[in-house]
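Numbering (the working numbering), first residue to last: 1 to 75.
Built from N, CA and C at the ideal position, the CB exists for glycine as well.
Since the structure comes first, as structure tokens, the remarks are kept for the end.
Here it is in structure tokens:
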């Protein structure tokens, strides 16, 4: 199973992981990667929030997806 339990401390590594999971259509893994984490260093990254929005949409969590799309657009 593809996934990651901890958010890597290196932001570029985290972005690469999320991009890889998107390309592999591992949407559940993206959602799990974000669950219960503190994202202070990710707050200002629209690409990350958009990716999470895509993953949430693809897993049927439409309302949460819209929230993350809106957050991405606001940055």
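Could you pull out every residue in the same chain whose Cβ sits closer than 6 angstroms to the Cβ of residue i, ignoring the five residues on either side in sequence?
i	result
residue 65	53, 56, 57
residue 27	55, 58, 59
residue 22	51
If you drop the 5 nearest sequence neighbours on each side, which residues of the same chain put their C-beta closer than 7 angstroms to that of residue i?
i	result
residue 44	75
residue 2	Since pLDDT at residue 2 reaches only 49, below the 50 mark, its modelled position is unreliable, and no value is offered.
In chain order, what residues of the same chain lie with their CB nearer than 8 angstroms to the CB of residue i, ignoring the 5 residues before and after it?
i	result
residue 50	68, 69, 72
residue 19	51
residue 61	31
Over the uninterrupted alpha helix (DSSP H) stretch that includes residue i, give me the two end residues.
i	result
residue 21	11-23
residue 43	Neither: residue 43 is in no alpha helix (DSSP H) and is coded neither H nor E.
residue 64	62-74
Report the option in the options whose CA atom is closest to the CA atom of residue i.
i	options	result
residue 33	62, 17, 10	17
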